[in-house]
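**Q** Okay, handing you the structure first.
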Amino acid sequence: MSENLEIVETDKNSLSIKEFIFKYLRFLPLFIIIMVMALVGAFLFLRYSTPIYRASGTLLLRNDNANSRSTEKFEQIFQSDGQRNIQSEIEFIRSRPLMNRVVEELNLNFTYHSVGKVRETDVYKSSPFHVEILNKIDSVPFRLDIDFINSYGFKLDAKGPVLSFNQAFQHGKNTLRLVKDEGIIGEKYKVWWEPTASVAARLKGDLLVTPQGQGSNIITVAVQATNPQKASDAVNQLMEEYQQAIVEEKKLSTQRTLEFIDERLKVVEKEVDSATAAIVNFRRANNLIDEETQSSSYFQNLTETDRQLNEQNSKLEVARILESYLRSRSNAFSLVPSSLGLDDQTLNTLISAYNVAQLRRKELIDGNAPPENVTVVQVTDQIEKLRVNILENLNNIQKAISNQIADLRRENASSEAQVRSLPAKQQILIDLERNQQTKLGVYNILLQKREESAISRAGTISNIKVLEPAYPSHTPVKPNHRNIYLMAFALGLFLPIAIIVLLEMLNDKVTERSDIEKLTKAPILGEIGHSSAKASLVVVPNSRNVIAEQFRIIRSNLEYVLNHVKKPVIVVTSSFSGEGKSFVSINIGAVMALAGKKTVILEFDIRKPKIMTNLDLPKKPGLTNYLLGKAEIQDLFVPVPGYTNLFVLPCGPVPPNPSEILLDPQLKTLFEYLKENFDTVVMDTAPVGMVSDAQTLSRFGDATLYIVRQRHTFKKQVNLIDEFYREKKLPKVNIIVNDVKATGKYGYYGAGRYGYGYGYGAGYFDDEIEQSTGFFGRWFGANGKAKSKRKTKV
Numbered sequence: 002m003s004e005n006l007e008i009v010e011t012d013k014n015s016l017s018i019k020e021f022i023f024k025y026l027r028f029l030p031l032f033i034i035i036m037v038m039a040l041v042g043a044f045l046f047l048r049y050s051t052p053i054y055r056a057s058g059t060l061l062l063r064n065d066n067a068n069s070r071s072t073e074k075f076e077q078i079f080q081s082d083g084q085r086n087i088q089s090e091i092e093f094i095r096s097r098p099l100m101n102r103v104v105e106e107l108n109l110n111f112t113y114h115s116v117g118k119v120r121e122t123d124v125y126k127s128s129p130f131h132v133e134i135l136n137k138i139d140s141v142p143f144r145l146d147i148d149f150i151n152s153y154g155f156k157l158d159a160k161g162p163v164l165s166f167n168q169a170f171q172h173g174k175n176t177l178r179l180v181k182d183e184g185i186i187g188e189k190y191k192v193w194w195e196p197t198a199s200v201a202a203r204l205k206g207d208l209l210v211t212p213q214g215q216g217s218n219i220i221t222v223a224v225q226a227t228n229p230q231k232a233s234d235a236v237n238q239l240m241e242e243y244q245q246a247i248v249e250e251k252k253l254s255t256q257r258t259l260e261f262i263d264e265r266l267k268v269v270e271k272e273v274d275s276a277t278a279a280i281v282n283f284r285r286a287n288n289l290i291d292e293e294t295q296s297s298s299y300f301q302n303l304t305e306t307d308r309q310l311n312e313q314n315s316k317l318e319v320a321r322i323l324e325s326y327l328r329s330r331s332n333a334f335s336l337v338p339s340s341l342g343l344d345d346q347t348l349n350t351l352i353s354a355y356n357v358a359q360l361r362r363k364e365l366i367d368g369n370a371p372p373e374n375v376t377v378v379q380v381t382d383q384i385e386k387l388r389v390n391i392l393e394n395l396n397n398i399q400k401a402i403s404n405q406i407a408d409l410r411r412e413n414a415s416s417e418a419q420v421r422s423l424p425a426k427q428q429i430l431i432d433l434e435r436n437q438q439t440k441l442g443v444y445n446i447l448l449q450k451r452e453e454s455a456i457s458r459a460g461t462i463s464n465i466k467v468l469e470p471a472y473p474s475h476t477p478v479k480p481n482h483r484n485i486y487l488m489a490f491a492l493g494l495f496l497p498i499a500i501i502v503l504l505e506m507l508n509d510k511v512t513e514r515s516d517i518e519k520l521t522k523a524p525i526l527g528e529i530g531h532s533s534a535k536a537s538l539v540v541v542p543n544s545r546n547v548i549a550e551q552f553r554i555i556r557s558n559l560e561y562v563l564n565h566v567k568k569p570v571i572v573v574t575s576s577f578s579g580e581g582k583s584f585v586s587i588n589i590g591a592v593m594a595l596a597g598k599k600t601v602i603l604e605f606d607i608r609k610p611k612i613m614t615n616l617d618l619p620k621k622p623g624l625t626n627y628l629l630g631k632a633e634i635q636d637l638f639v640p641v642p643g644y645t646n647l648f649v650l651p652c653g654p655v656p657p658n659p660s661e662i663l664l665d666p667q668l669k670t671l672f673e674y675l676k677e678n679f680d681t682v683v684m685d686t687a688p689v690g691m692v693s694d695a696q697t698l699s700r701f702g703d704a705t706l707y708i709v710r711q712r713h714t715f716k717k718q719v720n721l722i723d724e725f726y727r728e729k730k731l732p733k734v735n736i737i738v739n740d741v742k743a744t745g746k747y748g749y750y751g752a753g754r755y756g757y758g759y760g761y762g763a764g765y766f767d768d769e770i771e772q773s774t775g776f777f778g779r780w781f782g783a784n785g786k787a788k789s790k791r792k793t794k795v
């Protein structure tokens, strides 16, 4: 038993795969059409789209101070400012001022396009002419449409006079001229001019700057453009401008130091001159010519301590100068001069970092970044923290120098005690010379620092090295041919599926056997194929056509449903009109009659009777006449021509109260008479989904054939069938699927179950429908003009 269940389950799985294949294989032409359209669309898109080219180069950011341990002044002059932040450098490269310099250097304000039959081509640096602006009034972008009449003459915007090269002409408020360059002149060109800011903004959008890996000092610079040469030139020029900007940044820092030293030199120089003049005047007034012989032994120690005191006083004064400079709010965003001789490594490092931060802030402000910008605020905070640290360091340095001065003064006090014995005039002279030495010490330090700064400025080099310049690549990166065709292929594959799924989701009618099986447990007795014959009666004596065989299969299945009922009454109904009740009733009656059973078809759809009309029989008195007592039952039966055992009991005149007339007690007498005189009774009733006639008559029935028409019956009406089946409101409900298209999706499901579609094209039946041999006819089931061909019986 378990083996049989396993075989059945395997068959169901196999059927599901076949259902899936046949479901979408039927739409193969739709797939082919959309696929061809998608691929043709991709081809046209690639044919007419403007190609985009990419060029890239690499930069190395060298940190010259990273491993340097030198303390020699002259070597430190040529070292860079220390380690540079990669992300800050990337933002610097992408800054608007740098983009403006690239645009102006390459003259990218002008764009030249050659107009072809298919598309326009960017002829950067290959244009046979260029436009010069002789007099520019405004900065509004403009375009020139140039049509060349010959190699020397052209028209603007296909109108106006013929102009020649080097001839000035007016365009808007601007005066322009065309200058001839080398190259063959085409027929049509378009020239655009845009202001630097607009071109720089677009260039920034096409720029990609990325570091090569985490922690790497190598930066990749890439630009996309409509011309490969333009892309490579933009990258190379940008890297060159970046190097120059770095050099200018360093020179600016050195220049500020030189300006500060020059200002201080002017002040100190006046103080030295004043001290020297005082000594000279004192010597003349007091006739002091060779005072050294008077104090040679006493002044040796005093001179040495004075020299050291002068040096320390000079350093202390420099420290105070730097502190005063930093505390002044007017210098809040100005560069700080170098340490001016203060040999403190921490102070030098802090000042270097402070100047780098000041330059970064200046770059951001010059790049139109507002002061409240997040990056500007961060850099400003960094500057303030560094300023506080420098002031704290200067305070420590001053304390240390003050301690050294105190020690030297104590040592000097001892020497001065010996000097006191000298004459008063000599003592005054010594004080004057000491003041002069102090001023000269500061002056010499400033001179030394000025020379160092001048040498540094002259030897300034960039710490940015171009590792690999950009080269033009003639292979476009956009559009990507491979990706476009893959997208077109995917669209051609999935769009039809989406259309089919959408149509199925929107479809609310029965199209597949599974639509019925999902909604009801009522058994499906059989399927009836689509009949293109004009006559409703297709089951005729000695017929072997497909439809007739399907009705014979239904007749066989009915024997199991009726369970050997000797004289059954079969109720035929449906959900609403147009589903083929009359067609099925007529042919069920015919197939029963051909089996030798005396059969009568009752035209009980008394609202819209169709049996007599479909059989081409004249209208006669019938059921309503009998129920009204105006006729005898034995006089109402109409024999069907060509059939020995087939009769029809017509409806008769349509009554005004059909529902009430079916409640007449005479119905019981009628059915008793029918069972005595006929072997099979077929009742064609009104649609049970619209009126209650079928339910009223169901008490006389032994089985119900519920008609569902493919692509006609709504799915929600199948729920009504399930209700009748579960609640047994109709006797032994069985479903017959009518008007099934052999070429449609449903055709597969009947095959192998109840015979529908079995043997098509194999010459098994008498009248086979020869399908249209056209492409769409074969796939979509377009019958066209169906041809019947008679097979010879064997």
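In our numbering, the protein residues as written are 2 to 795. C-beta: ideal position from N, C-alpha, C; glycine also.
For ALA596, tell me which candidate among MET613, GLY623, GLU560 and LEU628 has the shortest Cα-Cα distance.
**A** If you number the sequence shown from 1, residue 596 lands on position 595. Of the candidates MET613, GLY623, GLU560 and LEU628, the one whose C-alpha sits nearest the C-alpha of ALA596 is GLU560.
**Q** Is there contact here, the segment 88-104 with the segment 209-224, by at least three beta-carbon pairs under 8 Å?
**A** Yes, they touch.
**Q** Distance check for GLY187 and ILE150, CA to CA, integer angstroms please.
**A** Residue numbering aside, residue 150 sits at position 149 when the sequence shown is read from its first letter. Residue numbering aside, residue 187 sits at position 186 when the sequence shown is read from its first letter. Roughly 10 Å separates the two Cα atoms.
**Q** Ends of the beta strand (DSSP E) at GLY42?
**A** Along the sequence shown, one-based indexing puts residue 42 at 41. From DSSP, GLY42 is part of no beta strand (DSSP E) but of the alpha helix (DSSP H) over 29-49.
**Q** By DSSP, does TYR25 sit in helix, in strand, or in coil?
**A** The residue labelled residue 25 in the question sits at position 24 within the sequence shown. In the structure shown, TYR25 sits in a helix (DSSP, three-state: H, G or I).
**Q** Just to confirm before moving on: does the CB-CB distance between ILE602 and VAL683 stay below 7 Å?
**A** As a working mapping, residue 602 is identified with position 601 in the sequence shown. As a working mapping, residue 683 is identified with position 682 in the sequence shown. The answer is yes: Cβ separation under 7 Å.
**Q** Confirm, please, whether the CB-CB distance from ASN543 to ALA594 is below 7 Å.
**A** On the sequence shown, position 593 is the one that residue 594 refers to. On the sequence shown, position 542 is the one that residue 543 refers to. For ALA594 and ASN543, no; Cβs fall outside 7 Å.
**Q** Can you tell me whether DSSP reads GLN711 as helix, strand or coil?
**A** For the purposes of this step, residue 711 is taken as residue 710 along the sequence shown, with counting starting at 1. Here GLN711 sits in coil by DSSP.
**Q** Given ASP182, which residues of its chain have a CB within under 8 Å of its CB, disregarding the five upstream and five downstream residues?
**A** Looking up residue 182 in the sequence shown gives position 181. Closer than 8 Å at Cβ, skipping near neighbours: SER128, PRO129, PHE130 and HIS131.
**Q** Roughly how many whole angstroms lie between the Cα atoms of ALA358 and GLU241?
**A** Position 357 of the sequence shown holds residue 358. Position 240 of the sequence shown holds residue 241. The straight-line gap from Cα to Cα measures roughly 23 Å.
**Q** Distance check for ALA235 and GLU250, CA to CA, integer angstroms please.
**A** Sequence index remark: in the sequence shown, residue 250 carries index 249 (1-based). Sequence index remark: in the sequence shown, residue 235 carries index 234 (1-based). Going by the C-alpha atoms only, they are around 22 Å apart.
**Q** Measuring only the C-alpha atoms, how far is VAL273 from SER325?
**A** Indexing the sequence shown from 1 puts residue 273 at position 272. Indexing the sequence shown from 1 puts residue 325 at position 324. Near 22 Å, if we compare the C-alpha coordinates of SER325 and VAL273.
**Q** What's the call for TYR125, buried or exposed, on a 16-neighbour Cβ count within 10 Å?
**A** The sequence position of residue 125 within the sequence shown is 124, counting from 1. Label assigned to TYR125: buried.
**Q** Helix, strand or coil: which one does DSSP assign to ALA695?
**A** Working through the sequence shown from its first residue, we reach residue 695 at position 694. Looking at ALA695 - three-state DSSP - the assignment turns out to be helix.
**Q** Note down, in chain order, each residue of its chain lying with its Cβ closer than 7 Å to the Cβ of ALA489, except the 5 sequence neighbours on either side.
**A** Locating residue 489 in the sequence shown gives position 488, counting from the first residue. Correct list, in chain order: ALA39, LEU40, GLY42 and ALA43.
**Q** Would you check if the distance between the CB atom of THR347 and the CB atom of ASN396 is smaller than 7 Å?
**A** In the sequence shown, the residue the question calls residue 347 occupies position 346. In the sequence shown, the residue the question calls residue 396 occupies position 395. No, the Cβ-Cβ distance between THR347 and ASN396 is not below 7 Å.
**Q** Mind reading off the beta-carbon distance from ILE398 to LEU351? Whole number of angstroms is fine, and I expect it under 8 Å.
**A** In the sequence shown, the residue the question calls residue 398 occupies position 397. In the sequence shown, the residue the question calls residue 351 occupies position 350. Not a contact, Cβ separation roughly 11 Å.
**Q** Whether or not the segment 628-636 and the segment 703-715 are in contact is what I'm after, with contact meaning three or more pairs of Cβ atoms, one per stretch, closer than 8 Å; do they touch?
**A** Result no; under three Cβ-Cβ pairs closer than 8 Å.
**Q** Candidates ARG178, THR51 and LEU99: which alpha carbon is nearest LEU164's?
**A** Indexing the sequence shown from 1 puts residue 164 at position 163. Taking only the C-alpha atoms, the option nearest LEU164 is ARG178.
**Q** For the putative contact between LYS191 and GLU121, defined by C-beta atoms under 8 Å, what is the C-beta separation to the nearest angstrom?
**A** Taking the first residue of the sequence shown as 1, we reach residue 191 at position 190. Taking the first residue of the sequence shown as 1, we reach residue 121 at position 120. LYS191 to GLU121, Cβ: 7 Å. Contact.
**Q** Cα-Cα, which of LEU99, ALA695, GLN438 and GLN88 is closest to GLN238?
**A** In the sequence shown, counting from the first residue as 1, residue 238 sits at position 237. That would be LEU99, whose Cα lies nearest to the Cα of GLN238.
**Q** With respect to the alpha helix (DSSP H) encompassing ASP617, which residues constitute its N-terminal and C-terminal limits?
**A** For the purposes of this step, residue 617 is taken as residue 616 along the sequence shown, with counting starting at 1. No alpha helix (DSSP H) contains ASP617, which DSSP labels as neither H nor E.
**Q** Name the one or two DSSP bridge partners that ALA491 has.
**A** Here residue 491 refers to the residue found at position 490 when the sequence shown is read from its first residue. The partner list for ALA491 (beta bridge, DSSP) is empty, contrary to what the question assumes.
**Q** For the candidate residues ASP694, PHE725, LYS568 and ASN369, whose alpha-carbon lies nearest to that of LYS609?
**A** Your numbering for residue 609 matches position 608 in the sequence shown. Among ASP694, PHE725, LYS568 and ASN369, the Cα nearest to that of LYS609 belongs to ASP694.
**Q** Would the beta-carbon of PHE143 be found less than 6 Å away from any heavy atom of the ligand MG?
**A** This structure does not include the ligand MG; it has no bound ligands of any sort.
**Q** On the CB-based measure, 16 or more other CB atoms within 10 Å of its CB, does GLN588 come out buried or exposed?
**A** Reading the sequence shown from its first residue, position 587 is the one you call residue 588. As written in the sequence, residue 588 is Asn, which differs from the Gln given in the question. It counts as buried.
**Q** Take every Cβ of the segment 505-521, pair it with every Cβ of the segment 711-726, and state whether three or more of those distances are shorter than 8 Å.
**A** The segment 505-521, when compared against the segment 711-726, does touch it at the 8 Å Cβ threshold.
**Q** Here's the rule: buried if 16 or more other CB atoms are within 10 angstroms of the residue's CB, otherwise exposed. What is ARG825?
**A** No information on residue 825 is available, as it lies outside the stretch 2 to 795 that the chain covers here.
**Q** By DSSP, does GLN171 sit in helix, in strand, or in coil?
**A** Translated into the one-based positions of the sequence shown, residue 171 becomes position 170. Strand, per DSSP.
**Q** If you follow the beta strand (DSSP E) that ALA523 is in, where does it begin and where does it stop?
**A** By 1-based counting over the sequence shown, the position of residue 523 is 522. Where ALA523 is concerned, there is no enclosing beta strand (DSSP E), given that its DSSP letter is neither H nor E.
**Q** On the DSSP letters alone, give me the boundaries of the alpha helix (DSSP H) that ARG102 sits inside.
**A** Position 101 of the sequence shown, counted from the first residue, corresponds to residue 102. Where ARG102 is concerned, the enclosing alpha helix (DSSP H) stretches over 97-107.
**Q** Ordered along the chain, which non-local residues of its own chain (more than five positions away) have a Cβ less than 7 Å from that of VAL443?
**A** What you label residue 443 is simply residue 442 of the sequence shown in a count that begins at 1. Cβ within range, chain order: VAL269, SER315 and GLU318.
**Q** Pull up the DSSP beta-bridge partners for GLN225, would you.
**A** Within the sequence shown, numbered from 1, the residue matching residue 225 stands at position 224. Looking at the DSSP assignment, GLN225 forms a beta bridge with ARG55.
**Q** Can you tell me whether GLY442 is helix, strand or coil according to DSSP?
**A** Reading the sequence shown from its first residue, position 441 is the one you call residue 442. Helix, per DSSP.
**Q** Kindly say whether ILE498, judged by its beta-carbon, lies nearer than 7 Å to any beta-carbon of chain B.
**A** Note that chain B does not occur in the displayed structure, where there is just one protein chain.
**Q** Could you tell me the alpha carbon to alpha carbon distance between VAL511 and ILE53, rounded to whole angstroms?
**A** On the sequence shown, residue 511 is found 510 positions in, with the first residue counted as 1. On the sequence shown, residue 53 is found 52 positions in, with the first residue counted as 1. Each residue's alpha carbon lies about 52 Å from the other.
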